[in-house]
Every structure is written in C-alpha cells, then in structure tokens.
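*Asks:*
Residue numbers (the numbering used here): 1192 to 1293.
#1: Just mark residue 1282 as buried or exposed, buried being the case when its beta carbon has 16 or more other beta carbons within 10 Å.
#2: Going by CA-CA distance only, name the one from 1265, 1278, 1249 that's closest to residue 1256.
#3: Give the secondary structure of residue 1217 by DSSP, where H, G and I count as helix, E and B as strand, and everything else as coil.
#4: Does DSSP classify residue 1276 as helix, strand or coil?
#5: Determine which residues share a DSSP beta bridge with residue 1351 and list them.
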C-alpha cells in the first residue's frame, strides 16, 4: 500500500469520526453534589443516568438530537424538556420545588 493511500484512508477515517461526533449533542448542568440525574429522550423513551461530581457538575454526552427531560433525584418529573442539538451543549440547572411546611 502506498503512502498516499494510507494518508487518504486516515483522512477518511478522521472525517467520518468528526461527522459522527457532530450528529450528537450533550447536556450539562448543576445539581447537588453527587446527586443522581436521569435524562429521558421524549421521542424514543431512551434513558441515560449520570451522577454529579463533588461540586454538583454533571454532563451527559453523545445524546441523539431531540427533546429531553432532565429529572433530578427527589424532584417531580417535568414535562418541559431540554433540547439537544447536534454539535451543541445544552445547559440546564436545577429548579427547586417550593414546599410548604406546617
């Protein structure tokens, strides 16, 4: 195999990998430290789970484009979703539920 063919194959493989990465998106956000977060694709029902780090940052990568729900541990499921767009990062933050105490 000639050097020219090898370089051509490497360029093709790199281009295919770049195109594949651009077809997905990601969700990042803040939660409580070490909190479990469930991410649900509204169209397919696919579920992903992540755990926030010690500072509360979380990230779910390689998500197919579409609407997602981000469910924080212990909070009710929300119907409004986080849109994932190919090649982009969607930032979300936890919205605390007001609870009345008697």
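Glycine included, every Cβ here is placed at the ideal spot set by N, Cα and C.
*Replies:* Inspection of the coordinates gives the following:
#1: Reading the chain shown from its first residue, position 91 is the one you call residue 1282. Exposed: under 16 other Cβ atoms inside 10 Å.
#2: Residue numbering aside, residue 1256 sits at position 65 when the chain shown is read from its first letter. The shortest C-alpha separation from residue 1256 is found at 1278.
#3: Residue 1217 sits at position 26 when you count from the first residue of the chain shown. Strand.
#4: The sequence position of residue 1276 within the chain shown is 85, counting from 1. Residue state, collapsed to three classes: coil.
#5: No statement about residue 1351 is possible, as the shown extent of the chain runs from 1192 to 1293 and does not include it.
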